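For reference, the structure is listed below as structure tokens.
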Amino acid sequence: MGSAKNLELTGAQALVKVLEEKGVTHIFGYPGGANLPIFDALRQSRQIQFVLARHEQGAAHMAEGFARIKNRPGVVLATSGPGATNLVTGLADALLDSIPLVALTGQIPREFIGTDAFQEVDCLNITMPVTKHNELVHEEAQLVPALEAAFYIADTGRKGPVLVDIPKDVLTNSYPHQFGLPLVLPGYNPTVIGNVGQVKKALKALNKAARPVVLVGGGVVSAGAVPELLEFVRKLKLPVVRTLMGTGVIPVEDPLYIGLVGTHGNQAANRLVQKDADVIFAIGTKLGNRATMRTQLFSRNATLIHLDIDPAEISKVIPAQIPIVGSIKETLRDMLRRIQEKPIRQNQIPWIIGKKSSHLLATQDQAEVLELVIKALSAIDRPLHVSTDVGRHQMWANHYCTNPKHLPLLTSGGLGTMGFGLPAAIGAWFAQPDRSAVNLTGDGSFMMNMQEFAVAVEYQIPLVVCVFNDGRLSMIRELQNAQYGKRHIAHDLGPRIDYMGFAKAMGGTGYRVLHEDNIGPMLLKALNGGRPCIIDFDLEKIAHSGHLHAVANQ
Amino acid sequence: MEHRHIITLEVEDKPGVLSRISTLFSRRGFNVDSLTVGHTHRPGISRFTIVVQGNDQVVEQIRKQSQKLIHVLTVQDLEQKRSVMREFAIIKLDYNLEDSKEINEIVDLYGGRMLDSGEGQLIVEFSGTEAKINKVFRKLEKFKVLESIRTGKIGMQIGSL
């Protein structure tokens, strides 16, 4: 932040200036009456590119994909009323997966607030529980400080979405805005380094442990602490299990890697955290119910060391015997320094190594095709952005997207948002356009935000959407099979959709795969095409058809 | 074990702060017995006293989740044995001559104050511990109570924090 300066500008101009000073290069969003002054000011910016999504939810997921790749806040802009309400899912998604976002919403002019005016909603209260923080700007003088604070809060501590709601007249009025004033946030002090006493206790417990295990979550990724984590577990030869958001923290071939915990995890991994381990070192995970399954079983025989940047995550669901609040990167560095000076577990033979087990995924209903496609994708050895949607394919992707060049796997872990994958892949490409993007999706998920394919066509994004097409919501069917006595309802998507035709209608390319031999070649062809396309994988045909059959519409 | 906790929050007095606190408590399923809020001697700083039911783990979560709110400055779980707590009540009674002596005695005995009398009605105020206010209400049960209001607790720890 430079020295404070004071400039007579409209609120919209001041806003664009703050964004430029924060290094913003892309905004994803949608215009409307209340935020149009911002668009008018954006026309003057040479630094910021505005990307017009086709729905505000799509814009929010694009900003999330962008933030995951850039590791700094994504920016999303929406108007008042429906613009704001359409953002809610994206904000909740970012909150639960700790993705830094700055969301800007236009609000109706101050004199009309509270009168149920056109396109008025109580944005502040609607978005309060789905943001890390939010503000309604009541006065011109608060605009710049609120925006500067939003970037700081979104991107520090446990990252997350921050929304600033700005009345239209604040955007249009001229005012001597002051920039670069010191932030006044007396109630916000993100912790940086873990308490020394707790760190020592943790190392002592690990030293004494006969059967220790490390459980890694998405916090390790968002802290940028993967190198430290790997150094730590390799030095101490600790077996590693992970949550869904901890995908790719440790390569699957690594002998220390045991598997995914939770409902869709691996038997061996679950056995470790529920039964065998005597010390569990959980890092950057909220120990959510998907990961721990039955909380009374999790860690019942073990001492739990829990390291997280968010103190509220510690002992929230599972009591931790050794809590450590702090930055994962800094705390692991501190631990590495300590074991450098005073080595631990020196003569320990790794108690479990190379033990892999099969996954707990249901294999009915042509699930083998998901496995084939995802394995074929992982075999393509070039850097890619890979996103998933939510449903069966997400779980298969989580096990089989193993190519380190395809990481991070962009997936909606906490909220489980169908429709996340396509816009997230688009956002990722804007963050790093030198690699192609792949969205693995089901037909159910794809239809939640398929309109965003138009954005990929508009920018000629090298994007391959892989639609696993079986005409139904197969995870719903799977659950109805397992838990509702095969009483099926509401899983059938009705008349089959021609996704090849859809791609063409949107101006892209469409492919269809009907035979397993054609899976890998088609993926390569689509990727080599370098343009937006959709591959319709007909699960039933691929599973049953005996002869190679592939068609393209070009 | 479930028991009552008295939590005090010092907050920046920003628009929407009451909403933030109540949203958090309802979303996390924290059970609120009472909530009071008012200004402190420091400009721009308000203070909440919130009485909740819960076991130690729940209260620890309340403390941590409240602390995460950007406008919350401090959170404290008051140690009840080392704290002073007060409630305040205003009660409107139907009034006639034969009751007046006894009502006056109750007001005197419990340190109450007569705020208004007329048109056959009395308004009295009491302040004190929750137990004392409960007792006052029990004593007044035999008269005709027309309206009543009691604040939640406000509290403060004795000695330095």
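So the sequences go chain by chain: A and B.
The first sequence begins at 1 in our numbering and counts up by one.
The second sequence begins at 1001 in our numbering and counts up by one.
In this text, a Cβ means the ideal position worked out from N, Cα and C, and glycines have one as well.
Keep in mind the model is a prediction, meaning the values are calculated, not measured.
- Per the Cβ contact rule, the region 481 to 491 of chain A is not in contact with the region 1003 to 1017 of chain B (fewer than 3 Cβ pairs under 8 Å).
- As the crow flies, the alpha-carbon of Glu-111 of chain A is around 9 Å from that of Asp-169 of chain A.
- Per DSSP, Met-1156 of chain B is one residue of the beta strand (DSSP E) stretching across 1154 to 1157.
- Under the rule that a run must span 4 or more residues, the alpha helix (DSSP H) segments found entirely inside the region 1076 to 1144 of chain B read 1097 to 1109 and 1130 to 1140.
- Here the alpha carbons of Ile-48 of chain A and Phe-430 of chain A stand approximately 12 Å from one another.
- A straight line joining the alpha-carbon of Ser-327 of chain A with that of Met-335 of chain A spans about 12 Å.
- With fewer than 16 neighbouring CB atoms inside 10 Å of its own CB, Gly-1159 of chain B falls in the exposed class.
- Taking a C-beta cut-off of 7 Å against chain A, the contacting residues of the region 1016 to 1035 of chain B are Gly-1016, Ser-1019, Arg-1020, Thr-1023 and Arg-1027, listed in chain order.
- Below the 8 Å Cβ cutoff, chain B contributes Gly-1016, Ser-1019, Arg-1020 and Thr-1023 as neighbours of Met-128 of chain A, in chain order.
- Counting along the chain, Ile-374 of chain A sits inside the alpha helix (DSSP H) bounded by residues 367 to 378.
- Under a 10 Å Cβ-count criterion, Thr-509 of chain A is classified as buried, with 16 or more other Cβ atoms of the shown protein chains found around its own Cβ.
- Shortest Cα-Cα distance from Ala-41 of chain A to any of A:Thr-89, A:Ala-14 and A:Ile-258 involves A:Ala-14.
- Look at the region 184 to 230 of chain A and you find these whole runs of beta strand (DSSP E), each 3 residues long or longer: 212 to 216.
- In the DSSP assignment, Val-130 of chain A is bridged to no other residue.
- Shown here for Lys-375 of chain A: same chain residues with a beta carbon closer than 7 Å to its own, the five before and five after excluded, namely Tyr-400 in chain order.
- Counting only residues of its own chain and dropping the five nearest sequence neighbours on each side, Asp-1116 of chain B has a CB closer than 6 Å to the CB of Ile-1123.
- In this model, Thr-247 of chain A and Thr-172 of chain A are separated by some 46 Å (Cα to Cα).
- Between the region 519 to 536 of chain A and the region 436 to 456 of chain A, the count of Cβ pairs shorter than 8 Å is three or higher; the stretches touch.
- Val-18 of chain A: member of the alpha helix (DSSP H) spanning 11 to 21, first to last residue.
- For His-1003 of chain B, the beta-bridge partners assigned by DSSP are B:Gly-1054.
- With the criterion set as a beta carbon lying under 9 Å from some beta carbon of chain B, the members of the region 314 to 334 of chain A are Ile-314, Ser-315, Lys-316 and Pro-319, in sequence order.
- Cβ-Cβ distances below 8 Å link Glu-478 of chain A to Ala-362, Gln-364, Asp-365 and Arg-392 in the same chain, with the five nearest sequence neighbours on each side left out; the list follows chain order.
- Annotation: Gly-265 of chain A to Leu-360 of chain A spans about 6 Å, alpha carbon to alpha carbon.
- Annotation for Asn-35 of chain A: no beta strand (DSSP E) segment contains it, and DSSP assigns it neither H nor E.
- In this model, Thr-1008 of chain B and Val-325 of chain A are separated by some 23 Å (Cα to Cα).
- Checking the DSSP bridge columns, you'll see Glu-139 of chain A has no partner listed.
- For the pair Gly-485 of chain A and Ser-1083 of chain B, the Cα-to-Cα distance works out to about 57 Å.
- Scanning the region 423 to 470 of chain A for uninterrupted beta strand (DSSP E) segments of 3 residues or longer gives 436 to 442 and 463 to 469, listed from N- to C-terminal end.
- Taking C-beta atoms under 8 Å as the contact rule, His-138 of chain A and Ile-153 of chain A fail to qualify, at a distance of about 18 Å.
- Leaving aside the five residues that flank Asn-1096 of chain B on each side, the residues in its chain whose CB is nearer than 8 Å to its CB run, in chain order, Gly-1120.
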